[in-house]
Structures are given as structure tokens and as C-alpha cells.
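Heads up, the thing below is written out as C-alpha cells.
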Amino acid sequence: MFFYIFLLLFLFILSSPSKSDTAQYQNNMTDRQTLFAIKDELIDPFDSLSSWNESVPFCQWHGVVCGTRNHRVTELNLLDQKLAGVLSPSVGNLSFLIRLDIGNNSISGNIPPELGRLSRLRYLHLYNNSFHGEIPVNLSLCSNLVELWAFKNNLVGVLPGELGFLSKLKNLALSYNKLTGEIPRSYGNLSSLLEMYLLVNDLVGNIPDELGKLKSMKIFDVNFNRLSGTIPSSLFNLSSLKVIDVSVNQLEGTLPRDLGINLPKLECLSISENRFSGSLPNSLFNLSGLVYLIVGGNNFGGEVPRFDKLHNLYFLGMDNNQFESTGKPDDDLNFISTLTNATNLKRLYLQNNAFGGTFHELFSNLSKDLAFVDLSSNRLSGHIPIEIGKFVNLEELRLSGNQLTGIIPPTIGKLYKLRYLLLSQNIISGIIPSSIANLSLLTELNLDHNNLRGRIPLSIAQCQNLLYLNLNKNNLIGSIPKEICLLSSLVVLNLSRNNLTGTLPEELNNLKNLLSLDVSLNSLTGEIPRTLGSCVTIVNLTMKRNLFHGLIPPTFNSLRSLQILDLSHNKLSGTVPKYLEDFSLHLLNFSFNDFEGALPERGIFENVSIVSLVGNPRVCGGVPGLKLPSCYYSHSKKLNFKLVILLIFGILGLVVMVGTLLVYRFGRPKRTFPPLDKDINQLLAMSYQSILKVTNGFSESNLIGVGSHGYVYKGIYETNGKHVAIKVLNLLQHGAIKSFKAECEALRNVRHRNLVKLLTACSGVDYGGNEFKALVYEFMANGSLEDWLHPHNSRVNIHLRRLGFMQLLNIAIDVASAIHYLHNDCQISIVHCDLKPSNILLDNELVAHVGDFGLARFLHLTDKITCRTLTSSTTFKGSIGYTPPEYGTGSEPSTHGDVYSFGIVILEMLTGKRPTDDMFGGDLSLHDFVRNAMPDGALEIVDPLLNLEEEEISRESSRIPSFMRRQKIVGCLVSLFGIGVNCSMYDSDKRKNIKEIVTELCSIRDSLVGCT
């Protein structure tokens, strides 16, 4: 009996949990809760973390690896999962974590300093995300860290010197950030370091001599910074180094003579775009393992050593230096013949030196794998060898600016991969071979300044990827083949200075992407084809010194992108088109033609430095500076009978018009307006003197903005302390007076909470007797939307914070409400015509107000549907990027145009990218960029600095789970993107009207508020 009792007691003791088991359970729960906390802070559009739920043990979750003994999280691998959001500080609770890899996502926020608690952490991979802020000093507490990869983020500040305590660190990669300051000397204590990548930052100062203590370092890459001084000699003594890349800095000095001896393992020496001088050391050319030798863009000189031992050379860049001749002009390039054994050579850049030698003898024996060759701007002689056809891997062949003779061999057509063929400024003769047609990938063909003869081959039309075709200054004959016009990809077409005859092809209208057309100094005849007016993107049109006759086609009215228009030395006739007044030309040359009649006097015709009409004796009028005869002198004492009749009818018409105006003025009932408040009554008394005073003499400290027609100053009205914004018109700027009148007329009687209130207008003279005009507005304390979206370019002292998603949504609703009022609720509908972030102003509560009505147009009372403007005869100019495409083809301003501009503003607010960003060009626009990403890629293109969960969406007051709240926010984001895309459709008929847009925006806001 006692035995059984004892046995039961023993089994009970065994089954009872020990203290260690309890602690282990609690630790596992900590890891589990930490992972949930990390998930809560991440946005997971593709449900990559769907396995992170209660029903699955956390050690089996996607990306989670646990230890086999204690079941604690040792690895968290979320590489390339399209995640957004922030990295929770709770990650510091994963005390057994060895590897954290969240690279290739869109995670933003700061790098949590709590990572410093992870003493076991060895691999920290944060690369290719959107982290911002400074690198936490606490990372120096991760004493076992082996790899720190945080490249391709938005990190700022200096490199923490404390990282020098990481004695086990082998890989440090902080490239492609915005780091500043110097490289800390303490990094010389990273005794285990193998690779250091600090490229593409904004580092300054010297390269520390202490880095020479890193005896194991293999890669040192600091290119694209602003480092100065010399490369320390201690660095050149690190025999372990394989890569030295200090390109694009401000370094100077010479290369040590024993470089090739002390660095026997060197594979890459890249020191281009610096200020190095002296000669290349001979020892460098004993490095048989050298793959990259890039020394271009310095001040090196002297003779070039032989390359016999560089069998592995892949990239040789010695361009833009001052290498001297060997003393034997024909032997200047003999070192090239020593590259015969470099069978891996693919890139050869020797341009902009003074090398001589016979090209065909030196080039023929090089590697058949050559892909990129640039020997331009040297003194090469000889001809292009027929063996050129064997270099079938050539993609670029640049030989311009030499002394090459002979012909272009037909074997050039065997280079099927060729994209760039530049042979300009040589003495090449013969014909252009028809085999050019085989170069289907060719994008640039530049043969100008040679002695080529014959006709332009029709086969060029088969080069369907051609962007640049330059045949300038040759001896080509015949007509311009219409087949060239089939090259719709052409951007530049230069056929000038030849002996071409015939007419311009009517098919020019196919060149939709053309920016420059130059057919000058030929013998072309006929009229200028009307179809040329379809090339609406053209910037430079030069047709001088030909035999063109007839009128300038009326379709030229569509060429609003023109900056240079030169039709001089032809036989053109008719009057100079008045619509040219509104073009933004830099040069207008109509000299030596047969134009007649009065010359326009506005716009570009006021600038005598850009307009030339000499040699047109029948042209009269114009501004005095052009010194043309007056159009009003009489050739006889009797007026022409027809002129008298016209004068009589003109007077009668004037009488009728004046009578009508009098009836309209005095016969209609007088309208009454609400009385002005006391402050405004005081402001109405402002003069030039008072404006001068309140702006502190138009001081720079009071300047808050610069517009197209003037300057905006902040002023404080002395009697009541009221802040005002004063726009002082620059009356020397074309269109300023018109802008002043338009703004006064547009804002005189409109009243809406989302329109900038015009308090008064001042029109008088300054102390110098010059005309002075200014507009006084209600002051907007928070500047413009432009200042908030792009604060680095702002003149206004905007807080160093960004707008949240709810704030942007409210601003969008404010702007849409203002446009709705202008289009539909005014007595006379108004089209704003210049909607953009700089014209959207924010008051102290961030309520948006639309301003700057200098380009505003009024619509006919009875014609709101067709949206025809009262000033349809005038030409419209807007802001590049925000102006709808139909305006560029001559369409009149309309409510559809304002909707387009509003759509672009929406897309700019959400992406943080201007429509004129460098990434947009050719076939890609901001509209296309967003449309192509929708709907799945919304989080990939949204501005990484946009706060999607700012204080207005209160987490504390919400009972909705955070992941559901995020999904709702992402849904609202996609909807707002959709409105921006719809509003900015290229086809104006497909855009929604502003009333529908206001309704949809309010619906999105109601949905978003439902999250709180």
C-alpha cells in the first residue's frame, strides 16, 4: 500500500513544471508577443505575414527561425516581401536574435535604437528601404555584429564614431544615403573589417590615415562624395586590398611608384574625376590580376606604359587627361597594340587626349569582345578597317574629332548590337553604306563634318530606334527621302550644310517626338508644308538659306514649344503672324525674305535682341529699337476711297459700341455688395509709400515668394498689426499688366473660404516716377503647398515636418471646393488656368486657399457646357507639367483643364514627385508612372515621408484592430490615387467634372474618419 502511495507521489513530482520550464515558457511568450508587435507596425499589402496568427506556432511562421534547444527566435528573414510601415522598437526584445534581414522593402521611420540591446546579433541587413534619421549610436553595443548593411536608404547625419568599437565587423555598407561629415578615425579600430562601402553620400574631409591599420581590408569604396586631400600612403600599403574606388571626389596628389608592388592583389583601381597628377607608375602594369583601370578625368600626363601583362583587363578608362606623346607621332597609340593579350577587354575609353597613330593598324588586333570604344577627340589618322565587321559585340563606337580618311566600310552593317555610331569631324568620304539598315538597335548616327557624298540612303528608315540623325556639313545631294519621316522615334534631325534639293516631305507630321529640325544651307524649294505644324514638341526649327517661298503655314500656331525659329535668307512672303507674340522664343530670325505689313509689337517683338527682320523692306511698325519705317506715312495727298469707306464704317461701329456700353452702364440696376470691414477700409488707403514701409523697404527678409510676374512680401499694417501678403508686380515682365487686371477682375466679387481674399490693389508711381502696381492679400501663415511638399527648395521657414495623409486629403477637398465654386457657383464662371502647389496657400490651421488668378479666364454665361472663354482669341501660357496636353495643341482654356491640373497636384502630393522630375521624360509622365503602378503598387510609389497614420487618426480612440485600420487607410490611398489618375487623363472628355470629384473626396474622408 505504502509502495503505491510513494509511486504516485513520485510521478506527481515529475509532472510538476520546474522553475526553469516556467521561465522558458515566459521567454517564448515574449518572443511571440514581440513578433505580433512587429507585425502590427508593418503594412503587408501582399499578406506575406498571413501565417503570423494564433493557430500556427510562431517558430513555423514565415521568415522566423528558432533555436532547436530553447525555441527562441534566432533569425527573422523578411527579405523582399514588399513591406511598408515602420520597424517596431519591440524588435529589441528578441534577445536571442542572430540575423535580422528586412532588405528590399519600403519600410520607413528611424532605425530603432533598441537594436543595441541585441548582444547576440551578427547580421543586420536593412538595405534598400526608406529608413531616415541618423544611424543610432546604440548599434555599437551589438558587440558580435559581423555585417551592417544599411545602404540605399535616406539616412542623414554623420557616421557614428562609436561604430569603431565593433571589433568583429567584417562588412560595413552605408552607401546611397545622405550621410555627411568626415570618416571617423576610430574606424581604424575595425580590425576584422574586410569591406567598407561608403559611396554616394556627402562625406567631406580627408581619408583617415588610421584606415591603414585595417590589415584584412579587401574593398575600400568611397566614390561619389566630396573627400579631399590625398590618399594616405598607409592605404597603399595594405597588401590585402583588391578594390580601391575613390572616383568623383576632390582628391589630389600622385600615385606611388611602388603601387603595383605593395598591392599585388589589386583588381580594381578607380580614381576618375579627381585632381590627381603626375604619370602612371610602371609597377601598375605588372598587376596581372588587374580588371578595372579607371583614371579618367584627372591631370595625368607622361607616356603610357605597355599593357603586355594585363591579361585580365576588362575596363580601361584613361580619358580626359594630358598624356604626352612618345616623341614619335606615329607611335602614340602603340600601347594599344600591347592590349592584344587582354582577351576580356570590353570597354576602352581614351577620348580627349592627344594620341596619334594609325587607327586601322592598331585597332584590328584587339579583342573581339569589345563592346564600348571611345577614341574621340584625339589625332588618329588612317581609315576604318574593313575588319571592323568582326567586332560583332560592339555597342558603341565613338571616333569623332580625329583625322580619319577613307570610307565607311559596308561591313559596318555586321555590327548588329551597335547603338551609337559617332564618326563626326573627320575627313571620311564616299557614300553612306546602305548596310546601315542592318543596325536595328542604332539610336544615334552622327556623321557630320565629313566629305560624304551621294544621296541619303532610303535604308536608314529601317533603323526604327534612331533618336539622333546628324548628317550636317557634308556633300550629300538629292532630295530628303520621305522614308526618313517613318522614323517616328527621331528627336534630332540635322541635314544642314549639304547640297540637298527638292521640297520638304509632307510626311513630316509623323515625327511626333521631334525636338530639333535643321535643314539650313541647302537648296530646298517649295512652300513650308502645313504638316510641320503637327510636330508640336519641336524646340529648334532652323531652315535658313534655302529657296522656300509662300506664307508661313497657319499650323505653326501649334508649335508652342519653339525656342529657336530661323527662316532667314529665303523667299517667304505675307505678314509676320501675330500669334508669335505669345511664343517663348529665344531667337526669331526672319531676315532677308519678302515679308510685308505691320510687325506685331507685343511679347517677343518687344525684345530687339532676339528678333531680326533686316532685309524685309516692306515690313513696317514694330518697337522703335528695330528701326523699321512707320506704317502711317502717306504716299499721296488723297486717301484711298476704300480707306475712307472703312473709316466711316469704323466710326459708325464705334458710335454703336459706345452707345451700347452707355446703355449697359447706366441702364442696368446697380448691384450692391456687402460693406467692407474696418480693417479693409483702412487697407484701401495704402499707397506706394505705405507698402514700402510695411515691407521694410522691400527687404530680403520680408520676401516670401517669387512668381512669374512679381515678388511677394510679408507686411504688417502699422495701425492694427494685421499681417498681409503683398504681390509687387514686375512691370518689365511680359504679361504683368494683363495678370494684374485679370487678378483684380477675377477676385473683385468672388467670396469663398478656400479662395485667397484680395484686400486691395495699389496702382501708382514709385519715388523714381516709375509705374507701380501691387496686390494686397490676406496673409497665409503656413506658406504654400509647394513649401510643404518640397521644403528644401522653399524660401519660407516651414516646420521640419511633413503633412499627414488626412491633412493632404483635407487640402485636396479644400482645393476641389474652391474650383467647384469658380466653375459652377460664380455669376460668371471662372477657369483658374494655373493650378499648382505654389498657388495653393495654407493658413494657420492648414486650410487651403487657391490664389494667383493672373491667368484666369471668364466663361460665357450661356456657354458653360462647351466652356468657351471670353478671351478665346488670346494665347494661353501655363505652368509646365500642370498644363493639360490639349492646351499645347491650341485648345482654349476650359474647366476640363483645371481638372487636369488638380489631378496632377493630387499625384504630386501623394508621390512627392513633381511632374517635371528628371525621371519623367520621353514616354513616361507622372500620370503614367502612377497609372502603371495601380492598384497593387500604391505603397511602392507613395512618398516614403508621407505619414499615413498621423495624430488625426487616433489609435487610442479606435477599437478597430490596427491591421484593419491600415488596410482601410491603404484603400483610401488607392482611391485618392485613382482620382488623381482620372483627373489627369490625356483625353479631356474622360475626366470627371469637379462636382463629382468633391463628392468622391468627401466620401473618402468619411470612410477614413470611420477608422477612428
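For reference, each letter of the sequence shown is one residue, going -22 to -1, 1 to 990 in mature numbering (1 follows the signal peptide of the UniProt record, and there is no 0).
All C-beta atoms in this analysis are idealised placements derived from N, C-alpha and C, irrespective of residue type, glycine included.
For clarity, every value in this text was computed on a predicted model and none was experimentally measured.
Taking C-alpha positions only, L258 is separated from Y964 by approximately 57 Å. Straight through space, the alpha carbons of V224 and N179 are spaced by roughly 12 Å.
Only buried fits A826, as 16 or more other CB atoms lie within 10 angstroms of its CB.
Listed as beta-bridge partners of D79 by DSSP are N55 and H103. Taking 8 Å as the cut-off, the Cβ atoms of I366 and P388 do not count as close.
For F263, no alpha helix (DSSP H) segment is defined, and its DSSP state is neither H nor E. Beta-bridge pairing by DSSP links C740 to A752. By DSSP's assignment, G231 forms a beta bridge with F254. Going by DSSP, H527 is part of the beta strand (DSSP E) stretching over L525 to G528.
Across the structure, I76 and P114 are spaced so that their CA atoms are roughly 19 Å apart. Within the segment 334 to 414, the complete alpha helix (DSSP H) segments at least 4 residues long are 337 to 341, listed from N- to C-terminus.
Judged by beta-carbon spacing, S218 lies within the 8 Å limit of K196, meaning their Cβ atoms are closer than that value. A distance below 8 Å between beta-carbons, with the five flanking residues on each side excluded, links L606 to the following residues of its chain, in chain order: L577, L591, V597, C598, G599 and G600. The way I'd put it, the segment 910 to 921 doesn't touch the segment 877 to 884; fewer than three beta-carbon pairs between them come closer than 8 Å.
At the C-beta level, F337 and L382 come within 8 Å of one another. Taking the C-beta atoms as reference points, D286 is found no nearer than 8 Å to N322. Beyond the five residues adjoining it in sequence on each side, S717 comes within less than 6 Å, by CB distance, of H687 and G832 in the same chain, given in chain order.
Rounded to the nearest angstrom, the gap between the Cα atoms of E974 and E886 is 21 Å. Where I797 is concerned, the enclosing alpha helix (DSSP H) starts and stops at F783 to H798.
Taking a C-beta distance under 8 Å as the contact criterion, P769 and S108 do not qualify as a contact pair. The residue among E373, R100, K891 and F14 with its C-alpha nearest the C-alpha of L396 is E373. The three-state secondary structure of M758, taken from DSSP, is coil. Going by C-alpha positions, E422 is about 6 Å away from L444. When only Cα atoms are considered, G41 and E251 end up about 44 Å apart.
Inter-segment contact for the segment 894 to 914 and the segment 44 to 55 is absent: fewer than three beta-carbon pairs are separated by less than 8 Å. The continuous alpha helix (DSSP H) containing K671 extends over residues Y666 to V672. Boundaries of the beta strand (DSSP E) around L294: F293 to G295. Beyond the five residues adjoining it in sequence on each side, N448 comes within less than 6 Å, by CB distance, of N424, D426 and N472 in the same chain, given in chain order. Q300 sits exposed, since fewer than 16 C-beta atoms from the chains shown fall within 10 Å of its C-beta. Taken through DSSP and simplified to helix, strand or coil, A320 comes out as coil. For K751, same chain residues with a beta-carbon under 6 Å away, outside a window of 5 residues either side, are L707, F718 and S741 in chain order. Contact check for L502 against T520 fails: the beta carbons are separated by 8 Å or more. Distance check between E188 and each of V200, L181, G166 and L176 places G166 closest, using alpha-carbon atoms only. Ranked by how close their Cα comes to the Cα of F570, the residues L558, S551, G581 and H547 have H547 in first place. Given a length threshold of 3 residues, each whole run of the beta strand (DSSP E) inside the segment 482 to 526 is given here in chain order: 494 to 496 and 518 to 520.
Around the beta carbon of K814, a 10 Å sphere encloses 16 or more other beta carbons of the protein chains shown; the residue is thus reported as buried.
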